[in-house]
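Its first residue numbered 32, the sequence shown is counted upward by one per residue in the numbering used here. Cβ coordinates follow ideal geometry from the N, Cα and C atoms, glycine included. Source: prediction; values computed, not measured.
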Amino acid sequence: MKIAIGSDHAGYELKEFLKKELKKKGYEVIDLGPENNSVSDYPEYALRVSHAVSSGEVQRGVLVCGTGIGMCIVANKVKGVRAALVYDLYGAIQSRKHVDSNVLVLGGRMTAKELAAEILNVWLTTPFEGGRHKERIKKIEEWEEICFLKS
Ligand code: RB5
């Protein structure tokens with residue numbers, strides 16, 4: 032599985048840590064920046080990763096800023112992206128089972144590295160349940176069609 036990862040300065044350290052964890056597990060990781068922890072703007076990196084997911088270049092995306100909130104807002108404005116801001120294991124599981132989230136958003140100032148790595152692992156290995164949840168996602172996609180026609 033190909034995974035794109037990005038952060039801002041507040042998420043940089045956690046991004047670097049998670050990148051190593053992913054590589055250890057054999058995932059192909061595309062780091063879309065930043066290259067260091069100099070002050071940077073989260074929308075730029077959220078859009079890079081979200082477009083990589085939306086275009087199909089990668090199957091999943093991981094974003095990290097201070098709280099994850101800014102990244103999550105931006106990512107969900109990109110067609111086909113279902114970004115989930117996750118702070119615990121239950122959220123990670125549910126975001127996959129029910130929502131088929133394709134972008135995981137974490138807060139570098141919110142979640143310890145070890146827990147973040149566990150969340151990421153659970154998120155990558157939990158399958159989507161389908162069934163009634165598929166119908167709900169179809170409704171999101173229908174709404175996306177209307178939004179993207181307008182913009
Ligand atoms: C940066 O200071 C901070 O605002 C950003 O990382 C993020 O938490 C926004 O939601």
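Asked: 6 Å Cβ shell around residue 133 - same chain, five flanking residues per side excluded; Found: 84, 91 and 113
Asked: Residue environment, residue 121, which counts as buried when at least 16 other CB atoms sit within 10 Å; Found: exposed
Asked: Entirely enclosed alpha helix (DSSP H) segments - the segment 51 to 115, minimum 4 residues; Found: 73 to 86 and 100 to 106
Asked: Identified DSSP bridge partners for residue 136; Found: 94 and 116
Asked: Whole-Å CB distance - residue 135 paired with residue 117, under 8 Å assumed; Found: 6 Å
Asked: Extent of the continuous alpha helix (DSSP H) run through residue 148; Found: 144 to 156
Asked: Residue 147 beta carbon near the ligand SAM (any heavy atom closer than 7 Å); Found: Inclusion of the ligand SAM in the displayed structure is not the case, the ligand content consisting of the ligand RB5 alone.
Asked: Residue 140 classed as buried or exposed, judged by whether at least 16 other C-beta atoms fall within 10 angstroms; Found: exposed
Asked: Cβ-based neighbour list, residue 41, same chain, cut-off 7 Å, excluding 5 preceding and 5 following; Found: 96, 97, 139 and 140
Asked: Heavy atom of the ligand RB5 within 7 Å of residue 101 beta-carbon; Found: yes
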